[in-house]
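Protein chains: 2
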Amino acid sequence: MAPPHHTVYDGANQNGTVVELAAQEKLQRPDVLNADDFRRQGKQVIELIADYYGGISDYPVHPNVTPGFLRKLLPTEAPACPEPDAFTSALQDVRDIILPGLTHWQSPRHMAHFPASSSTVGALGEALAAGINVNPFTWAASPAGTELEMVVVDWLGKALHLPNSLLFAGGGGGTLLATTGEAILCAVVAARDQKLEQISVGRIGDLVVYCSDQTHFALVKSARIAGIRRDHCREIRTCRANMFALSPMDLHAAMKADVEAGLVPLFLCATVGTTKTAAVDPIGELCAVAAAHDVWVHVDAAYAGSALVCPEFRHVIDGAEAVDSFSMNAHKWLLVSNDCCAMWVKKPRTLIAALAVEQEVIMTDRASEGHDVVDYMDWNINLTRRFRALKLWLVLRCYGTDGLRDHIRSHVRIAEAFEKMVEADARFEVVTERMFSLVCFRLRSPEPDQSGSEETANALNRQLLEEVNAVTSGPYTSFANVGGIYMLRWAIGSTLTEERHVADAWKVVQERASAILCKMESINASRA
Amino acid sequence: MAPPHHTVYDGANQNGTVVELAAQEKLQRPDVLNADDFRRQGKQVIELIADYYGGISDYPVHPNVTPGFLRKLLPTEAPACPEPDAFTSALQDVRDIILPGLTHWQSPRHMAHFPASSSTVGALGEALAAGINVNPFTWAASPAGTELEMVVVDWLGKALHLPNSLLFAGGGGGTLLATTGEAILCAVVAARDQKLEQISVGRIGDLVVYCSDQTHFALVKSARIAGIRRDHCREIRTCRANMFALSPMDLHAAMKADVEAGLVPLFLCATVGTTKTAAVDPIGELCAVAAAHDVWVHVDAAYAGSALVCPEFRHVIDGAEAVDSFSMNAHKWLLVSNDCCAMWVKKPRTLIAALAVEQEVIMTDRASEGHDVVDYMDWNINLTRRFRALKLWLVLRCYGTDGLRDHIRSHVRIAEAFEKMVEADARFEVVTERMFSLVCFRLRSPEPDQSGSEETANALNRQLLEEVNAVTSGPYTSFANVGGIYMLRWAIGSTLTEERHVADAWKVVQERASAILCKMESINASRA
């Protein structure tokens, strides 16, 4: 690192102009971007990350800390003048107090959330983009940045077997955003403005959006942000018998009722791989219902979209030719680090109509005059954009679609193996059919409620979850409470997760279950 | 890099299940996250970036390319199976075809946009965050991630001399978002929901937002996204005599007229450092006008907010104690790489009321029970979030507030020096008073229009801009068209820009001006 700069100002004078300095006190400009420092400090960072990956199994997935633990360790303000070799000290603090206070999303025992799957190439692609640090908000502001984005969204769309109509190659087009929330919001706003243009700009209060009670809260949040009334968000009830998928018949009924009440159906968010149970809504049939009311259909495939790289999963989006927009998070299960949500739209002009800039901008660009260039700032909420295309391009190029298939299939296979482990222990059951790499399971209650209620079983599984998550080396586990049933949920997808991790983690669950059941029995025995 | 994985599947069978493999063909799982590969490939990336910084002056700031240039060079789909050592080849492509096709935001001759100022520590902070790749959307999902964010937004707020009421330490609080657009959208939505709760949820069509004709288009875009009618966005006219600042009197008149028309004033976006001329709206007086109508005041200090680290600039936010929210882009001029917009709010509960999740989430967390933890997903649009706090913390810690002041002051001093250069050439004028490090200047017309119109001068400067930007080694320059005057605009702020770059760039402008004026004279002479 450059030697710490000197403080050459002791403040400014009263009228806000910079204090004049004697010649020997010339402004010491901090040397903060320099190739040699970058080489030296960059290697320190690479070593730190490599060590982290090498030792990640040693960390408990979730740290045993209480709120405020880190704030108490840090000063209440930034230093005025950095300590000598501040960068090395700061990296030591990363090792000593920050890493031990994190929930480790790259741990092979992190099963609680859909993954944030890292890869060497994905993480380094982000590092490279941060180093180059361009802002591809218009074509002119970074031509190669914009064009690489256009190329890779088409590459990704083809690799995922999306309909051609969503790709640039087929008249649609895609972009890379931060999150699914952003993608859904952009789609809702595009749909809303298109609809209001048709019916009257004042009727925003009549618009209705549709989803199921399993849809990610991003839909309702987006609709609310876009000014749709909260009581015009229809979260249609699903049921276990139908695998918690949205029923086209129920959707039809809801839309019909709204139309009869003088309201205007606007938007449907269908999900491929819901958060709680990875349920799959029937895209084709839902689109048919939506079409009758000229409703925009968005498909949220945040997690399961990555699985579409395998042709054996293509059927889950049958009928997608009819959708208006589609999004998936390449940062979840496709080895691209946070954040990288790909969104495709069939008619980019609707997106642009809602989100484009009206003002004259401060740049003109002769090279793009007369060309139909893509200015990505008109495709999303943000002006400043990172060069996300770089990491996605590197992942696709360096692992190849075959490599990504193997990656997905290996997790699916581990999930299959885990499902068999659960089925082999009669005390447990797999509650919903395994989809992709998500397994939802629970401990059966040894004493079923006579009323048919699930109360006892639910309490049992709540206790089991708590005890499993309290085991320091244990698997980090989440729950889903669906259709009245409380179940545990393991999403297999962390890049480093292998079958042995799942087998070990399952032993932890079995042991905790045995302890709980044994305690229950002894209590019952003492009562009897 | 790990040896390219083998393709062990030749597809899937018809009913969508994975093909069974013979024992010797066991699934070959790609080895995509491994400490040794990360060390080796990471060092390649560090070398590439260091070389880029070392040689950045050799690139033209803006590449001489036409739309489609890169798309034509790349295949139309991702490879199935990667070539041998694909990572090294890909990095070679970055050097050969991607870097030469970028607009170089780190070039010392990039004056066109407000900077995207890189630093060694800022870029490596992003690399580190990408390697660790956690998702701090709730406290539990990454305790140290959430707490470091809370700590650094307070550090930054104090360093920028913000009122205590906006900091966690003073009952407010901050967060790190991607962009100002996102910050304004969150603020508008919070203000909107608070107001509709008071007046009636159906009156969204009556709400009005206010800004000046100099306000960044992010305000109107955010308001439109939030469902505010386009014709209820008041862009109040400013004038040169008032330095293009928003007049409190005009704001008062606009609000009064709206109230009299039965409309409801909602939101004011005041700017400190407008995009076109770095104008500063008078915060304190505007807040007083807004208060009379219970209007939410947001301050957008995207660019100039960084300058607040210098006490001599504190006066530009006099009266900020009264604002409801404030945002600035640390990625613009404060050495933190894209993206890092800090937003503070006085009453976090209003933000949370508008943006919080209603659904039961899939995790419970015992450690945070009974504590008032911050779950940052409720403070913004997105669920997935990067660990942005890390890079900001590193920048503050390793450069110190004194270092950041020196950095800002050195650019301000260069801008002052440039202003003097312009003033020393009688053919030119500085059009608006220099603010911070932005200089707006133009070539005077040798033949002023008799009507007092600026037509000839504007045409002259349009031509000058075009010719300057056509010089391969020239400074990348933008324009502003304000109050009928077309001017050139240089924002000094790229980390590597030194006075010598500006002096050289100024020679280019002078030479192009001489050539244009000379040609004009000879045409006039031949006409006479």
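For the protein sequence lines, the chains are A and B, in the order given. Mapping of the first sequence onto my numbering: position 97 corresponds to residue 97, and the numbering continues sequentially without gaps. Counting the second sequence from 1 gives a position; my numbering is that position plus 528. Built from N, CA and C at the ideal position, the CB exists for glycine as well.
L619(B) vs L576(B) beta-carbon contact at 8 Å: yes
Using a Cβ cut-off of 7 Å, pull out every chain A residue sitting near D734(B), in sequence order please. The premise fails here: D734(B) is roughly 10 Å from chain A at the closest Cβ pair, so nothing lies under 7 Å.
Note down, one range per segment and in chain order, each alpha helix (DSSP H) of at least 4 residues found wholly within the stretch 696 to 750 of chain B. 708 to 727
Step through the CB atoms of chain B and report whether any lies within less than 8 Å of the CB of P265(A). no
Please determine, among A245(A), A356(A), I46(A), P446(A), the residue with the shortest C-alpha to C-alpha distance to A190(A). A356(A)
Check the Cβ-Cβ distances between A806(B) and every residue of chain A, and say whether any is below 8 Å. no
Who does M856(B) pair with in a DSSP beta bridge? In the DSSP output, where bridge partners are listed per residue, M856(B) has A870(B).
Neighbouring residues, chain A, relative to Q1038(B) (Cβ below 9 Å): Neighbours of Q1038(B) on chain A: none; closest Cβ ~22 Å, over 9 Å.
Any beta carbon from chain A within less than 8 Å of Q552(B)'s own beta carbon? Legend: pLDDT at Q552(B) = 36, less than 50; position of this residue unreliable, value from coordinates given subsequently. No, because no Cβ of chain A sits closer than 8 Å to the Cβ of Q552(B).
Indicate whether the contact test is met: 3 or more Cβ pairs, each with one atom in the stretch 617 to 633 of chain B and one in the stretch 587 to 598 of chain B, closer than 8 Å. yes
For A23(A), three-class secondary structure by DSSP: Unreliable placement is indicated for A23(A), whose pLDDT of 38 sits below 50; the coordinate value is still reported in the next sentence. Residue state, collapsed to three classes: helix.
Given a threshold of 16 other Cβ atoms within 10 Å of its Cβ, counted over all protein chains shown, does A644(B) qualify as buried or as exposed? Classification for A644(B): buried.
Put F665(B) into one of helix, strand or coil per three-state DSSP. coil
Is DSSP giving I492(A) helix, strand or coil here? coil
If we define contact as Cβ-Cβ less than 8 Å, is L48(A) a contact residue for chain B? yes
Closer than 9 Å, Cβ to any Cβ of chain A: which residues of the stretch 671 to 685 of chain B, in chain order? Answer in chain order: P671, A672, G673, T674, E675, L676, M678, V679, V680, D682, W683, L684.
Within its chain, find whatever has a CB closer than 8 Å to the CB of E961(B); leave out the 5 residues flanking it on each side and keep chain order. Within the same chain, E961(B) has close Cβ partners M771.
Would you give the residue range spanned by the beta strand (DSSP E) that P265(A) belongs to? 264 to 271
Identify the contact partners of T456(A) in chain B, using a Cβ-Cβ distance below 7 Å as the criterion. Within chain B, no residue comes near T456(A); the closest Cβ sits about 19 Å away, beyond 7 Å.
Quickly, what does DSSP pair T432(A) with across the bridge? List them, please. C440(A).
C609(B) - DSSP class collapsed to helix/strand/coil: Coil, per DSSP.
Under a three-way DSSP split, which group does I362(A) fall into? Coil.
On the CB-based measure, 16 or more other CB atoms within 10 Å of its CB, does H1029(B) come out buried or exposed? buried
May I ask you to list, following chain order, the residues of the stretch 854 to 877 of chain B that have a beta carbon less than 9 Å from some beta carbon of chain A? N857, H859, K860, L863, S865, N866, D867, C869
Figure out for me which residue from E321(A), L246(A), M255(A), G262(A) has the closest Cα to the Cα of T274(A). The shortest C-alpha separation from T274(A) is found at L246(A).
Short Cβ contact (8 Å threshold) for R970(B) with F956(B): yes
Endpoints, the beta strand (DSSP E) within which D258(A) is located: Looking at the DSSP string, D258(A) is not in any beta strand (DSSP E); the run it does join, the alpha helix (DSSP H), is 248 to 260.
Thinking C-beta only, is C838(B) closer than 8 Å to E710(B)? no
I need the boundaries of the alpha helix (DSSP H) containing V864(B), first residue and last residue. Element bounds for V864(B): n/a, residue is neither H nor E.
Strictly by DSSP, which residues pair up with H638(B)? The partner list for H638(B) (beta bridge, DSSP) reads Y1004(B).
Cutting at 8 Å between CB atoms, please list the residues of its own chain near T238(A), excluding the five before and the five after it. S212, D213, Q214, F244, A245, L246, S247, A279, G483
Integer Cβ distance of G172(A) from S165(A), believed to fall under 8 Å: 5 Å
Give the C-beta separation of W333(A) and S306(A) to the nearest angstrom, bearing in mind that I take them to be a contact with Cβ-Cβ under 8 Å. About 4 Å separates the beta carbon of W333(A) from that of S306(A), a gap short enough to meet the 8 Å contact definition.
Give the range of the alpha helix (DSSP H) segment to which I574(B) is assigned. 563 to 583
Cutting at 7 Å between CB atoms, please list the residues of its own chain near G534(A), excluding the five before and the five after it. Past the edges of chain A, shown from 1 to 528, lies residue 534(A), and the structure says nothing about it.
Below 6 Å CB to CB, which residues in the same chain sit around H689(B) once its five sequence neighbours on both sides are set aside? L836, R842
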